[in-house]
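Peer 1: Pasting a structure here, questions to come.
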Amino acid sequence: MSYAWNWGVLFQSPYLGWLGQGIAMTIVISLAGWAIAITIGTLIGVLHSGGRGAMRMVTGSYINLFRNVPLLLQMFLWFFVVPELLPKTVGTWLKRDLPHPEIVTAIVALGLFTASRVAVQVSAGIAAVPRGQSMAARASGLSTVQAYRHVLLPQAFRIVVPPLTSEFLTIFKNSSIALTIGVYELTAQTQQIQSFTYQGFEAFTAATVVYMAIALVVTTLMTAIERRISVAGSAAKG
Amino acid sequence: MVAMIRIEGLSKSYGEVAVLRNCSLEVARGEVVVICGPSGSGKSTFVKCINGIEPIQAGRVVIDGDDLPSKPAAAARIRSRVGMVFQHFELYPHLTVMENVCLAQIHVLKRSRAEAEDKARSLLERVGLVDKEAAYPGQLSGGQQQRIAIVRALAMDPLAMLFDEPTSALDPEMIGEVLAVMLELAREGMTMVVVTHEMGFAKAAADRVVFMDRGEIVEVAETRRFFAEPSSERARLFLSRILAH
C-alpha cells in the first residue's frame, strides 16, 4: 500500500478547528439528548412499573414504538415528516425560524429513542426491589409517591446504574447518526477532513481515539457514581 | 368494651384459590393474640389484611372504631397507626438505622427531625441498640435487624402491633433477643397480633390463641385451654406434631 501519511494535517487550520467543533457538537447533542433520556425515561419507567390498565398501555406503547424503530429512521421521521404533520404555523416555524433545526431534531430524536431504553432499565430496576420493601413502606403509612421517592427509587437507582452506564456510552456512539440530517458532529467533521485532504486514515483515527476517550471518561464517571452510592454492608458489591 | 381490632367475615382469594374464608376475630385493647396453624393456612395473609397491605375481597376490618377504607390516602392514615413487623425484617437497606426509624415519623406523622430522632434514640435504648444508629442494616445481625424493625414500628406510637412470623428467618441463637423485646411489649399492655410457631412465646404472653387451617379460623381459645384441651381435632393434631419434639 502506498499511502503518504501526514498526521500534521490534523493540526493544521482549518482542520484542527473542524475537529474541535465536531467534538464539541458530539458532546453537546449527546449530553442534551441524555438529559432528555434520563428525565423522560425515568418518568416512563416509574409509571410503567406502577401502572395498570390504560397507563401501562400508554407507557408500554411508548417503549415499544421508540425502542423497536431504527434510530436512523426516527431521525428522518422527526426531521422530514413530523414538521409536515404538525399544524401549519408550527411546521413552518420548525422549518424556517427555528435556529439550527437539524441540531434540535438530533437532540430530540436521540433523547426520545434513548428514553425508551432507559425506561426499560428503570422499570426493571424497580421490579428488582424485593416486594417486602414496598409492603413495609405502605405498612408504615407512606403514600405511594412517598414510598417511591424514599424507598423504591433509591434502591432501584442503585440497581440501574450499571446498565445505564452502557446506555450513556451508547448515546455518544449513536450521536454519529445525526450526520445524516446534516449535523456536523465528530464523524461528519472527520469525513469532511477526509474529503478535503484525502488523509482519511488520519482523520478517522482521530475520531476513533476521541470516541474511545469519551467512553473512558464516561466509564470512569459512572464507576465513581457507583462507588459513591454503594451501601455499606450490602452484599451486592463485588 | 370497644375492640381495638375487629375483623368481620374476611374473605380473600387469588383467582380461583380461596386463601381466607369468612374469618372473624376481635382483639381487645391490650390483648395479645397468637395465630398459629400449619403452613399455607393463611396466617400471614390474614395478618397482612388487618392493616390493608393485602387487599380484601369481602368483609370488614375496623381499627379502633375506624373502618379500614378502600381509599388509599385514608387507608394510609389508619395503617400508620398499626405497626407491622415482617418475617424478613424489611428494613430499608440504603438508609441508616436512624433514618429507617425516622422516615415515616417525618413523612407520615410530620414530626420534626429532632423530635423523630429523640423518639428513635429512646426506643433504640430500650432494645439495647442505641450504638447502632449510624449503621446500615446490612452491617447488623438478623436479631439486631428485627429489633430495629420493631423499633421502627413502635416509633409511630401504634395502637396495635402486628407480627408476621418475626423469628422464622432468624438463627436459633437470635430468637431469644427478639422474643424478649416482644414479651416486654406485651407486659406493657401493647395490643398485639402475632403469627408465630414459637409456642413458648404463646404460652408466656398470649391471652388467646387463634388456630387457622386452610384459610379458616378453626378455633379461638384462651391460651391455657388451647394447649391443655383444644376443642378441634385439627388443632389437637397440629399441637401433637409441633410439641412432640
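Protein chains in written order, with numbering that gives the first Met the number 0: chain A, 0 to 237; chain B, 0 to 244. Virtual Cβ for every residue (Gly too), placed ideally from N, Cα, C.
What three-state label does DSSP hand I52/B in the structure shown?
Peer 2: coil
Peer 1: Kindly indicate which three-state DSSP category L178/A falls into: helix, strand or coil?
Peer 2: helix
Peer 1: Using the rule of at least 16 other Cβ atoms within 10 Å of the residue's Cβ for burial, across every protein chain shown, is G199/B buried or exposed?
Peer 2: exposed
Peer 1: Indicate whether at least one CB of chain B lies closer than 7 Å to the CB of M211/A.
Peer 2: no
Peer 1: For chain B, check one thing: does any of its Cβ atoms lie closer than 7 Å to the Cβ of V217/A?
Peer 2: No, V217/A lies away from the interface with chain B (no Cβ there is under 7 Å from its Cβ).
Peer 1: Please state whether the Cβ-Cβ distance between I170/A and S29/A is less than 7 Å.
Peer 2: yes
Peer 1: Using 7 Å as the limit for Cβ to Cβ distance, is R20/B near chain A?
Peer 2: no
Peer 1: Starting from Q138/B, find everything on chain A with Cβ-Cβ shorter than 7 Å and list it in chain order.
Peer 2: In chain order: A231, G232.
Peer 1: Does the beta-carbon distance from A138/A to G40/A come in below 7 Å?
Peer 2: no
Peer 1: DSSP state of M0/A, grouped into three classes?
Peer 2: Three-state result, M0/A: coil.
Peer 1: Determine the chain A residues that contact V107/B at a beta-carbon separation under 9 Å, and present them in chain order.
Peer 2: S139, G140, L141, S142, Q145
Peer 1: Can you tell me whether G58/B is helix, strand or coil according to DSSP?
Peer 2: strand
Peer 1: Please compile the residues from chain A whose C-beta is within a distance smaller than 9 Å of the C-beta of R76/B.
Peer 2: G140
Peer 1: Mapping DSSP to helix, strand and coil, what is G8/B?
Peer 2: strand
Peer 1: Using DSSP with H/G/I as helix, E/B as strand and the rest coil, what is N63/A?
Peer 2: helix
Peer 1: Alpha carbon to alpha carbon, how far is R146/B from G237/A? Give it in angstroms, no decimals.
Peer 2: In this predicted model, G237/A has a pLDDT of only 33, less than 50, meaning its place in the structure is not dependable; the value taken from the coordinates is given anyway. G237/A and R146/B: Cα-Cα distance of roughly 28 Å.
Peer 1: I52/B versus chain A: which residues are under 8 Å apart at the beta carbon?
Peer 2: M134, R137, A138
Peer 1: Report yes if the CB atom of G124/A is closer than 7 Å to the CB atom of A146/A, and no otherwise.
Peer 2: The Cβ atoms of G124/A and A146/A lie no closer than 7 Å to each other.
Peer 1: Contact check, R235/B vs T222/B under 8 Å by CB: the rounded distance?
Peer 2: The beta-carbon distance between R235/B and T222/B, rounded to whole angstroms, is 16 Å. This is too long to meet the 8 Å contact definition.
Peer 1: With DSSP as the reference, label D66/B as helix, strand or coil.
Peer 2: strand
Peer 1: From E187/B to R20/B, what distance separates their C-alpha atoms?
Peer 2: 33 Å
Peer 1: Using a Cβ-Cβ cutoff of less than 7 Å, which residues in the same chain neighbour D212/B once the five nearest sequence positions on both sides are dropped?
Peer 2: The answer, listed in chain order, is G36, P37, S40, R233.
Peer 1: If I follow the unbroken beta strand (DSSP E) through D245/B, where does it start and stop?
Peer 2: Beyond the ends of chain B as shown, which are 0 and 244, falls residue 245/B; an answer cannot be given.
Peer 1: In the DSSP output, what is Y13/B paired with across the bridge?
Peer 2: V16/B
Peer 1: Verify whether the separation of the beta carbon atoms of I106/A and G32/A is less than 7 Å.
Peer 2: Yes, they are a contact pair.
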